[in-house]
Each structure stands twice: as structure tokens, then as C-alpha cells.
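K.L.:
Just so you know, UniProt numbering puts 206 at position 206 of the sequence shown, and the rest follows in order with no gaps.
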Amino acid sequence: MTCIIASIPHFFRLFRASRGGLRVFAPHRAASLPRASAPGGRTHVFIDTMPVSELKRRRTFAVISHPDAGKTTLTEKLLLFSGAIQIAGTVKGRKSNRYATSDWMDIEKQRGISVASSVMQFEYGGAVINLLDTPGHEDFSEDTYRVLTAVDAAVMVIDGANGVEAQTLKLLEVCRARRTPILTFINKLDREVRQPLELLDEIEQHLGVAAVPFTWPIGMGKDFQGVYDIQRDQVRLFRPGQDKAGGEVETLQALGDEEGERRFGPAWARAKEEIDLITGATHALDRAAFLQGQQSPVLFGSAINNFGVKEILDALVDLAPPPSMRMTVQRPVLPEEPKFTGVVFKVQANMDLAHRDRVAFIRVCSGRFERGMALKVTRSGKTFRANNVVTFLSQRRETVSEAYPGDIIGIPNHGTLRLGDTLTEGEELQFTGLPFFAPEIFQTVEVVDPMRAKQLGEALNQFGDEGAIQVFRPVLGGSIILGAVGQLQFEVVSHRLAAEYKVDVRIMPARYRMSRWVTCDDAAELRRFTDAYSARIALDASNAPTYLASHISEIEVAQKAWPKIVFNELREHSGAPFRKAM
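(1) How should M220 be labelled, buried or exposed, when 16 other C-beta atoms within 10 angstroms of its C-beta is the threshold for buried?
(2) Can you have a look at S53 and say buried or exposed, based on whether 16 or more other CB atoms are within 10 angstroms of its CB?
(3) Classify V557: buried if its beta carbon has 16 or more other beta carbons within 10 angstroms, exposed otherwise.
(4) Could you name the residues of the same chain whose beta carbon sits closer than 7 Å to that of V448, not counting the 5 residues immediately before and after it, in chain order?
(5) Please report the residue range of the beta strand (DSSP E) in which W216 lies.
(6) Please list, in chain order, all residues of the same chain as I182 whose beta carbon is under 8 Å from its beta carbon, the five residues on each side excluded.
(7) State the DSSP-derived secondary structure class of E398, mapped to helix, strand or coil.
(8) Using CA coordinates, which residue listed in L526, A438, A549 is at the minimum distance from residue 596?
(9) Determine the burial state of L148: buried for a count of at least 16 other Cβ atoms within 10 Å of its Cβ, exposed for fewer.
(10) Give the straight-line distance between the Cα atoms of E569 and W517, rounded to the nearest whole angstrom.
(11) Please classify Q348: is it buried, with 16 or more other beta-carbons within 10 angstroms of its beta-carbon, or exposed?
(12) Use the C-beta contact count for E446: other C-beta atoms within 10 angstroms, 16 or more gives buried, fewer gives exposed.
(13) Between L277 and V309, what straight-line distance do the alpha-carbon atoms span, to the nearest angstrom?
(14) Where does the unbroken alpha helix (DSSP H) through residue 612 begin, and where does it stop?
(15) Provide the residue span of the beta strand (DSSP E) that contains Q443, from first to last.
(16) Scan the stretch 451 to 539 and note each continuous alpha helix (DSSP H) run of 4 residues or more that stays entirely inside, going in chain order.
(17) When DSSP builds the beta bridges, which residues end up paired with A403?
(18) Could you name the residues of the same chain whose beta carbon sits closer than 7 Å to that of A303, not counting the 5 residues immediately before and after it, in chain order?
(19) Given this structure, state the Cα-to-Cα distance separating R57 from D407, to the nearest angstrom.
(20) State the start and end residues of the unbroken alpha helix (DSSP H) segment that holds D318.
(21) Quick check: what's the CA-CA separation for I158 versus H66?
(22) Between which residues of its own chain and F264 is the CB-CB distance below 6 Å, once the five residues before and five after are set aside?
(23) Tell me where the beta strand (DSSP E) around residue 647 begins and ends.
(24) If you reduce the DSSP assignment to three classes, tell me which class D159 lands in.
(25) According to the neighbour-count rule (16 or more other Cβ atoms, all chains shown, within 10 Å of its Cβ), is E311 buried or exposed?
(26) Does the beta-carbon of I362 have 16 or more other beta-carbons within 10 angstroms, so that it is buried, or is it exposed?
(27) Which of the three DSSP states, helix, strand or coil, is assigned to G89?
(28) Just how far apart, CA to CA, sit F340 and E123?
(29) Can you grab the Cα-Cα spacing for the pair D522 / A538, in whole Å?
(30) Taking S550 and R511 to be in contact with their CB atoms under 8 Å, please state how far apart those CB atoms are, rounded to whole angstroms.
(31) Could you tell me the distance, in whole angstroms, from the CA atom of H206 to the CA atom of A438?
(32) Assign N130 to buried or exposed, taking buried as 16 or more other Cβ atoms, counted over all protein chains shown, within 10 Å of its Cβ.
(33) Shortest alpha-carbon distance to P338 belongs to which of P405, I275, L316?
(34) Leaving out five residues on either side along the sequence, give the residues of the same chain with a beta carbon under 8 Å from the beta carbon of L497.
(35) Can you tell me whether E337 is helix, strand or coil according to DSSP?
(36) Look up Y547 in the DSSP assignment and give the residues it is bridged to.
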């Protein structure tokens with residue numbers, strides 16, 4: 001049955017769920033509705049759809065935090081509770097050879113930090129969970145930003161001792177800009193932390209969201225005895241030192257004050273006093289406000305001890321939204337549409353060193369993916385058959401035969417797919433919102449052994465395509481220039497060149513401090529500008545011309561001399577559009 005989709009509100013008026021998918025129940029009204037047309041006057045017609053049940057089961061979220069707040073540890077424990085893994089490795093186990101499942105690079109294992117985002121899929125509570133672990137370090141904020149464009153919700157981990165930290169604020173700004181729903185987990189209650197009321201106030205003051213406590217701690221540090229579940233009126237008792245999932249957490253239902261004081265001492269009286277205060281002063285959870293990023297449920301616990309982790313999974317299944325509409329340059333794309341669309345939000349080279357592979361991570365945005373289907377890369381116009389497609393548990397992979405909106409699939413390739421690429425069944429679409437930021441640090445790179453120059457070129461091409469670092473090639477020749485947001489990115493590149501490509505390099509400071517991508521509506525004017533400033537012009541990974549400067553005054557002088565030239569601080573991964581600023 002056919003229906004013309006006029007607008008999103010009309011879409012939901014026209015359709016209702018049925019067991020086999022979506023069916024039109026008011027077809028006679030379709031002709032009277034205003035029709036939404038794409039550029040060029042085309043009207044989009046949807047014929048048939050996928051099973052709604054599969055769409056509603058999906059929960060795709062990222063775990064974000066300031067470094068060392070316990071983000072990767074929490075990721076491990078979420079996998080543990082879901083049954084995806086049987087034993088959790090500490091982020092860096094000094095006396096063991098166990099490492100976090102999501103930290104698979106050698107440098108991550110050596111330093112105990114995450115430098116690349118990881119993707120893991122598992123089932124829990126009837127839902128299909130797509131979990132993305134992100135780098136916490138600010139030097140890798142671009143990778144984290146790209147991950148946040150691919151998720152429908154986020155879990156924000158806050159260190160109970162440090163409270164809201166700088167990187168947490170930056171990441172929340174990104175979530176707020178995209179209206180991403182956020183669930184807050186205050187971690188490390190088994191240590192001496194700040195007062196819960198103080199932390200709650202800080203979340204509201206600094207993050208600008210209304211905090212809605214779901215649980216409340218009873219004691220802290222050595223006296224941490226459990227949490228009171230405000231929603232269920234029950235106490236969950238804390239037991240430290242669990243690295244394997246097993247056994248139910250002991251719970252006490254509707255505990256009276258006398259029994260509470262007998263079991264927990266003064267900590268119970270203090271907790272009850274604070275609970276009475278916050279329940280009277282805070283609003284109940286409004287799911288609509290949560291989905292708009294205006295309210296955030298707050299849970300307390302200790303990830304390393306598996307305490308409070310199950311409650312996060314339960315809250316995500318109950319509250320997090322299923323996949324929603326995504327914008328393209330041409331039109332909005334609804335997940336219920338029958339035709340497959342997807343966007344490449346991450347490219348990772350050498351996940352398997354034995355095969356020198358390169359995997360494009362794709363967020364399914366609409367339709368049903370089937371193994372072997374023909375997909376079009378709209379950037380290049382090329383079509384290929386997706387026969388070798390995988391789903392992930394970090395570095396481990398499984399071949400996937402089908403996927404639905406919200407799922408993250410990986411397509412191994414040899415340069416066919418780049419960051420920001422849109423995949424469709426034929427329609428010309430380009431998803432938006434995956435930008436490059438102008439780098440803040442520039443260094444030159446030279447190969448130590450000239451015989452390895454070819455390998456260096458291949459490696460930098462891959463790093464540029466995957467967004468690990470920005471690569472600029474001066475139009476007049478000379479040393480390749482690397483651009484990054486943080487210093488640690490250069491260290492990771494140097495390590496990966498040696499470990500993955502057997503290339504030793506010299507990385508030295510460049511004379512440039514900033515860059516702008518230059519564009520102009522008049523192609524001849526842009527050519528005259530790049531010729532006049534050829535000593536400062538370099539081409540990035542997508543061959544976009546870039547103006548390099550040592551000081552902001554040089555950019556200002558060039559802007560005044562060439563008023564038709566636009567100096568852009570952002571460039572989308574697809575190569576366009578450019579933007580002056582965020």
C-alpha cells in the first residue's frame with residue numbers, strides 16, 4: 001500500500017503499528033494533505049516498511065566522561081551484566097594480563113587509556129543494545145564528537161570525588177546542541193567522594209539540566225553500604241570486589257526507619273533526610289523533557305564493583321529512545337522508511353594487523369540492511385555489493401546478515417568508504433553533521449629511512465581518511481604537515497606508524513599555528529587566491545585547499561585583501577558544506 005509522506009506530524013497521523021510493519025489506516029486523506037517536496041520538486045513516496053518491533057528494540061548510546069572517571073570500566077561492566085563477556089579486565093591490570101575489552105590497541109593497553117572509540121552490540125532485557133565507548137582525553141575530542149553524531153542517547157559518567165570536570169562540560173555542549181538524552185552515573189562511591197547534594201547541585205548549575213535522582217547513596221567510602229532506589233522504595237546492599245556477574249544483589253523492600261538505623265547506623269538517617277529533601281525539591285521524571293535533553297536521571301554506584309551497573313542498563317532499556325529521524329542535505333530521513341540508508345561516522349585502519357584491513361563503521365539510519373545488497377556511495381557514485389559485513393564486540397567480529405536502524409555495522413574496504421559517506425540503495429542523499437575542526441597544533445613529519453617513504457604515504461592516507469589526524473600536503477612540495485587538536489594525537493600517530501607500518505619518523509614543530517579552509521563561489525577568484533598565497537596553501541585528505549597561518553593577524557589581512565574568499569573553521573567530512581564557525 002502506498003502513502004505520500006507530507007511531513008513528520010502527518011507521517012505519524014497516517015500510520016499505525018501492526019505486527020507485520022506499518023499500515024495506512026486513512027489512505028483517503030493522503031490526497032488532501034500538503035505534500036513535502038525535495039529540491040527539484042520531487043515528492044517522496046514510501047512503499048511498504050520494516051517490522052516496527054525490530055526498530056523499537058534498538059537502543060544506541062555512547063558512554064562519555066572526563067578522563068579517569070571510570071568510563072571504560074563502566075563499559076566493561078555493562079558487557080558483563082549483559083552476558084556479552086564472562087569476566088571483566090580492569091582498564092589496566094598491573095598484576096595481570098587482562099585489559100578492557102573496549103581497549104584493543106597496544107598503546108591503549110600500555111597506557112590504560114582509550115584513544116579510539118569502540119563499538120559493541122549485545123542483547124539485554126529484550127532490547128538490542130549498540131554501545132559505543134569513546135576516548136575521554138580532550139586530545140581525542142573529535143573522535144568522541146563523531147561518535148555522538150551516531151547515537152540516540154548518552155551515559156555521562158561523573159567521578160564522585162571530582163564532580164563535573166572540564167571535558168564533561170565540552171561533551172555535554174555537544175549533546176545539548178544535538179538534544180541527545182543523557183543519563184548520569186555518579187561513580188566511585190566506594191571511595192571518599194563529595195556530598196551527593198553538592199554533586200547534584202553542580203550537575204544542575206554547570207550542565208544546565210534538571211537532575212532527577214533515581215537512586216541515593218547510603219554512606220560513602222569505607223562506610224558505603226548501598227543505595228536507596230527512590231522509584232521502587234527499596235534498598236540495594238553493596239558488596240565490594242566482584243569481577244564476575246553472578247548472584248542477585250540483596251534488596252530490602254520498604255525498609256522502616258528503625259530497621260534502617262539498626263542495619264546502617266547514622267548513614268541511614270542522613271540518607272533519609274537528604275531523600276526527603278530532594279523528593280520535595282525536584283520534579284518527577286518527565287520523559288518528554290528527558291528526550292529533549294532537559295532532564296537527566298541520576299544513579300549512584302561503583303562500576304569497578306559492579307554496583308549500580310544493572311540499573312543503568314534497565315534505565316536505558318526503559319527510557320532511551322529508539323532510532324529517530326536524521327537530516328540530510330536533501331530531506332529528513334525517517335527510520336521507518338523501507339529503503340536502506342546509512343552514514344559512515346568512523347573509519348579504523350588495522351584493527352586486524354594480520355590482514356591490514358580498514359573498516360568503515362556505519363550507522364544504519366533507515367530501512368533493513370541485508371547481506372549482499374547493492375549499495376551506492378553517493379559521494380563517488382560507485383555501487384558495490386555488501387557481502388562481507390560485520391558486527392562488533394570491540395575487536396572481535398561476527399558476520400552479520402541483517403541490520404536495522406540504530407545498528408552499527410562494519411564494512412571492511414580498501415579506501416572505497418570515507419568518513420561522512422552516505423550509503424543508499426540509489427537515492428542521492430548526503431547526511432550532515434560530521435565536521436572536521438580546524439587544528440590547533442601543527443607538526444611536520446619526515447621518514448627516517450627514505451626507503452619507507454611509500455609506506456609513510458600509505459599510512460598517512462589511511463590516518464587522514466579515518467580522522468585520526470589531519471594531513472596537509474603543501475602545494476609547493478616539502479614536508480607533510482600534520483594537524484591535531486591535542487598533542488597526544490601526534491604520539492599515537494608515531495606509535496601506530498612504528499607498530500602497524502614499521503615506519504620510524506621524525507615529528508617536529510611546524511611554523512604554523514592555525515588554518516582555515518578557503519572557499520569561494522567564483523572558481524577563478526579562488527584559483528587566483530591560491531596562486532597568490534601558494535607558499536601557504538596545502539591540500540587536506542579530501543583535496544580541499546587550506547590556508548596556513550602563524551598568527552590570526554595573517555588571516556585577518558588576507559580576508560581584507562580578498563573579500564570574496566571565505567575562511568572556514570569547519571569542514572564536513574563529505575567535503576562540503578564548509579562553515580565559518582560552530
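Every residue, glycine too, gets a C-beta built ideally from N, C-alpha and C.
P.N.:
Let me spell this out:
(1) It counts as buried.
(2) Exposed, since its Cβ has fewer than 16 Cβ neighbours within 10 Å.
(3) By the 10 Å Cβ count, V557 comes out exposed.
(4) D504, V505, R506.
(5) Taken as a continuous stretch (DSSP letters only), the beta strand (DSSP E) holding W216 covers 215 to 218.
(6) The beta carbon of I182 lies closer than 8 Å to those of A153, A154, V155, M156, L172, C175, V209, G293, S296 in the same chain, with the five residues before and after it left out.
(7) Strand, per DSSP.
(8) In this structure the chain extends from 1 to 582, so residue 596 is not present and cannot be described.
(9) Result: buried.
(10) Each residue's Cα considered, the two are about 7 Å apart.
(11) Taking all protein chains in view, the Cβ of Q348 is crowded by 16 or more other Cβ atoms within 10 Å, so the residue is classified as buried.
(12) When all chains shown are included, E446 counts as exposed.
(13) Spanning the alpha carbons of L277 and V309 requires a straight line of approximately 25 Å.
(14) The question about residue 612 has no answer here: the residues shown for the chain are numbered 1 through 582.
(15) Note, Q443: beta strand (DSSP E), 441 to 447.
(16) Correct list: 453 to 466, 487 to 501, 523 to 532.
(17) Answer is F369.
(18) A distance below 7 Å between beta-carbons, with the five flanking residues on each side excluded, links A303 to the following residues of its chain, in chain order: G70, T73, L74, K77, N187, V309.
(19) Roughly 10 Å separates the two Cα atoms.
(20) Run containing D318: 309 to 319, per the alpha helix (DSSP H) assignment.
(21) The alpha-carbon atoms of I158 and H66 are separated by roughly 8 Å.
(22) Counting only Cβ-Cβ distances below 6 Å, and skipping sequence neighbours, we find I218, Q225.
(23) Outside the shown range of the chain (1 to 582) lies residue 647, about which nothing can therefore be said.
(24) Correct three-state label for D159: strand.
(25) Around the Cβ of E311, a 10 Å sphere holds 16 or more other Cβ atoms; the residue is buried.
(26) Counting Cβ neighbours within 10 Å, I362 comes out buried, since at least 16 surround it.
(27) At G89 the pLDDT is 42, less than 50, meaning the model places this residue with poor confidence and gives no usable figure here.
(28) If I take the Cα positions, the gap works out to 23 Å.
(29) Rounded to whole angstroms, D522 to A538 spans 19 Å at the Cα level.
(30) Rounded, the Cβ-Cβ distance is 6 Å, consistent with contact.
(31) Whole-angstrom Cα-Cα distance: 27 Å.
(32) By the 10 Å Cβ count, N130 comes out buried.
(33) Cα-wise, what sits closest to P338 is P405.
(34) Within the same chain, L456, A459, V503, D504, V505 come within 8 Å of L497 by CB-CB distance, once the 5 residues on both sides are set aside.
(35) Collapsing the DSSP output to three states places E337 in coil.
(36) Per DSSP, R516, I537.
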